[in-house]
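Numbering (the working numbering), first residue to last: 1 to 70.
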């Protein structure tokens, strides 16, 4: 059961990468996408973690809301 849940989580996370437009914007360059993600992870390990989380959460909620409206 845990393996199935993990697989579902990974598929959903991949869907978020695609939904954000990163696949098209990077011409499906996995190194660039991974670099973006590691850059975000670096930010989350720094002093600006809380500010980044607030900002990114707000943007994410707005994007999800626009998706429902469109």
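Glycine included, C-beta positions come from ideal geometry on N, C-alpha and C.
task = Kindly indicate which three-state DSSP category residue 45 falls into: helix, strand or coil?
result = coil
ask   = Taking DSSP as the reference, what is the three-state secondary structure of residue 50?
value = In the three-state DSSP reduction, residue 50 falls in the helix class (H, G or I).
request  = Enumerate in chain order the residues of its own chain whose CB-to-CB distance from residue 58 is below 6 Å, with the five nearest sequence positions on each side excluded.
outcome  = Once the five neighbours on either side are set aside, residue 58 has no close Cβ partner at all.
query = Start and end of the alpha helix (DSSP H) containing residue 15?
reply = 2 to 19
task = Compute the beta-carbon to beta-carbon distance between residue 32 and residue 26, rounded to the nearest angstrom, for a pair I have assumed lies under 8 Å.
result = 4 Å
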